[in-house]
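Accompanying notes for the structure given below.
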Amino acid sequence: MNHIVWTIVGLFFGWRAYRLSLRDIAILRDRGATFGEAQFSQRRLVVMLSVGACGALWWAFSTRFDHDVTVLVYGMWSALLLRLFLVDVDTHVLARRTVVMGTFWGMVGLAFVSLWDNTGSVAQMLWGAAVMWLVLKILEIISRGDLGAGDVSLGPLLGLFTGWLALERVFIAVVAAFFVGGLFAIALVTLGRASRRTFIAFGPFLVLGAFVGVLR
257 MNHIVWTIVG
267 LFFGWRAYRL
277 SLRDIAILRD
287 RGATFGEAQF
297 SQRRLVVMLS
307 VGACGALWWA
317 FSTRFDHDVT
327 VLVYGMWSAL
337 LLRLFLVDVD
347 THVLARRTVV
357 MGTFWGMVGL
367 AFVSLWDNTG
377 SVAQMLWGAA
387 VMWLVLKILE
397 IISRGDLGAG
407 DVSLGPLLGL
417 FTGWLALERV
427 FIAVVAAFFV
437 GGLFAIALVT
447 LGRASRRTFI
457 AFGPFLVLGA
467 FVGVLR
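For the sequence shown, position 214 matches number 470 in the working numbering, and the numbering has no gaps at all.
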């Protein structure tokens, strides 16, 4: 399919992901299951940024992969991650059900893609999911809970799609996440917007790191 067509499809899925994130945030807050009270997703600029980012990602995938089915699966993955990104920023919660279902269907989708596209492999996909989970679990233990269980549960979903391409991309994703997250934290402290004890949701940085791992 034409790159422009994929971009338009991506814009639609970006809008859809944004709308679903608002619903998720409302449900979590009604249940009293949130740890953050930010209103990031309510800003008008965020709508445009979300839609634009998703469109850009679908375009990037269409230039990165030769098979349309691969572009579609990676595009759907990016829309799900955008949804999780927005929810985590506002609530500091990564809904386990959404993450688990995304991981399951991601596994199915990539296994299906592998029937036509030999860019990656199912074995690498499974290793990627396991390695990403293990790395984050070790970091959770070392950090004594500063890295949350939700972040660890997100690991397999990210590891599937980075690992399918190459196992080294899993490590690139983790390093990129901590690098960007570290710079963000330093900037907040320097500007007086946070202290060393301020809790910052790390899921969004894991998402950004995964995109770096796939598109580098």
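Yeah, the Cβ is synthetic: ideal placement off N, Cα and C, and Gly gets one too.
TODO: Name the two residues that bound the continuous alpha helix (DSSP H) containing G270.
DONE: Taken as a continuous stretch (DSSP letters only), the alpha helix (DSSP H) holding G270 covers 259 to 286.
TODO: Name the residue from L423, G270, W372 whose alpha carbon lies nearest to the alpha carbon of D322.
DONE: Comparing alpha carbon positions, the residue from L423, G270, W372 closest to D322 is W372.
- [ ] Count the other C-beta atoms from every protein chain shown that fall within 10 angstroms of the C-beta of A466, then say buried if there are 16 or more, exposed otherwise.
- [x] Label assigned to A466: buried.
Task: Spatial neighbours of L316 in its chain, beta-carbon cut-off 7 Å, leaving aside the 5 residues before and after - done: Residue identity differs from the one stated: residue 316 is Ala in this sequence, not Leu. The answer, listed in chain order, is L471.
- [ ] Evaluate D286 with the Cβ neighbour count: other Cβ atoms within 10 Å of its Cβ, from every protein chain shown; 16 or more gives buried, anything less gives exposed.
- [x] Looking at its Cβ environment, which holds fewer than 16 other Cβ atoms inside 10 Å, D286 is exposed.
- [ ] Using a threshold of 8 Å, state whether the C-beta atoms of V349 and V355 are closer than that.
- [x] Against a cut-off of 8 Å, the Cβ pair of V355 and V349 comes out as no contact.
TODO: Can you give me the Cβ contacts of M388 inside the same chain, cut-off strictly under 6 Å, excluding the 5 residues immediately before and after it?
DONE: Cβ neighbours of M388 beyond the five flanking positions: G411, L414, G415, V426.
Open item on the list: In this structure, how does DSSP classify G459 when only helix, strand and coil are distinguished?
Closed with: It is helical.
TODO: Enumerate, from N- to C-terminal direction, the unbroken beta strand (DSSP E) stretches of 3 or more residues contained entirely within the segment 368 to 404.
DONE: Listed in chain order, nothing qualifies, since the segment 368 to 404 has no complete beta strand (DSSP E) run of 3 or more residues.
Task: CB of G438 within 8 Å of CB of G384, strictly - done: Contact: no.
Open item on the list: Is it buried or exposed, V369, if we count other Cβ atoms within 10 angstroms and call 16 or more buried?
Closed with: It counts as buried.
Task: Exposure label - I397; buried when at least 16 CB within 10 Å - done: It counts as exposed.
- [ ] Taking 8 Å as the threshold, find out whether the segment 270 to 284 comes into contact with the segment 326 to 345 through three or more Cβ pairs.
- [x] The segment 270 to 284 vs the segment 326 to 345: in contact.
Open item on the list: Just verifying my parser: in three-state terms, what is the DSSP assignment at G437?
Closed with: DSSP places G437 in helix when its eight states are reduced to three.
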